[in-house]
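Novice: Take a look at the following structure, please.
In mature numbering (1 follows the signal peptide of the UniProt record, and there is no 0), the protein residues as written are -19 to -1, 1 to 178.
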């Protein structure tokens, strides 16, 4: 009898636990909403390996991150990246560079040619909003020649403000700033570096 009561009690508690509502989860992707307005920049034909974008460890999870002025990290439990941030930034950057710099063959995960080619490395230190509605993106990028010579290196530090509340507005603001304030200037600087004799 005691065993039967324990089993019934266990089954009841499991069913009650399963019946409690779980908060809905929302997933977001970074989207280039201005990709149809890209102007091509002329360069000599060449090949560049786009290395995977490296993000700081606190950004490597699927949670969208907010950071306070004192450095406290707040990870959203129900508003998530649909995939980790690093591959999204890599893909978004490569897609825009392929449109901006059409004479360059961009390699990411594809098979590389058997000979050495130039490399583009990007590191991201900040990619978040703060609790006051500010958006922060910082990091650096570096273009190396096939011989390993640094052709161009640049630090980026972008600050903007959310125009409206919500995670959808946050992800759109982050994406547009990444494309317009970081990748577009990067494309122009890469073209200048490659076109300089």
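For glycine and all other residues, C-beta sits at the position ideal for the given N, C-alpha and C.
Take residue 65 as the anchor and find which of 83, 82, 35, 81 has the nearest alpha-carbon.
Specialist: With distances taken between Cα atoms, residue 65 lies closest to 35.
Novice: Using three-state DSSP, classify residue 167 as helix, strand or coil.
Specialist: In this structure, residue 167 counts as helix in the three-state DSSP scheme.
Novice: Taking only the alpha-carbon atoms, compute the straight-line gap between residue 93 and residue 137 and give it to the nearest angstrom.
Specialist: Cα to Cα, residue 93 sits roughly 28 Å from residue 137.
Novice: Residue 71 to residue 57, Cα distance in whole Å?
Specialist: Cα-Cα distance, rounded: 23 Å.
Novice: Would you give the residue range spanned by the beta strand (DSSP E) that residue 133 belongs to?
Specialist: Counting along the chain, the beta strand (DSSP E) containing residue 133 begins and ends at 131 to 142.
Novice: Residue 119 to residue 131, Cα distance in whole Å?
Specialist: One C-alpha to the other measures close to 20 Å.
Novice: Among the candidates 162, 29, 105, whose CA atom is the shortest distance from the CA of residue 41?
Specialist: Of 162, 29, 105, the residue nearest in Cα terms is 105.
Novice: What are the partner residues of residue 36, as DSSP defines its beta bridges?
Specialist: Partner(s): 105.
Novice: Looking only at its own chain, which residues have a Cβ that is under 8 Å from the Cβ of residue 22, when we skip the five neighbours before and after it?
Specialist: For residue 22, where only same-chain residues beyond five positions count, the Cβ hits under 8 Å are 81, 82, 168, 169, 172.
Novice: Answer with buried or exposed for residue 63, where buried requires no fewer than 16 other C-beta atoms within 10 angstroms of its C-beta.
Specialist: Exposed, because fewer than 16 other Cβ atoms sit within 10 Å of the Cβ of residue 63.
Novice: Quick check: residue 98 and residue 67, are their CB atoms within less than 8 Å of each other?
Specialist: No. Outside cutoff.
Novice: Can you find the residues in the same chain that come closer than 6 Å, C-beta to C-beta, to residue 20, ignoring five residues on each side of it along the sequence?
Specialist: Result list for residue 20: empty, nothing under 6 Å.
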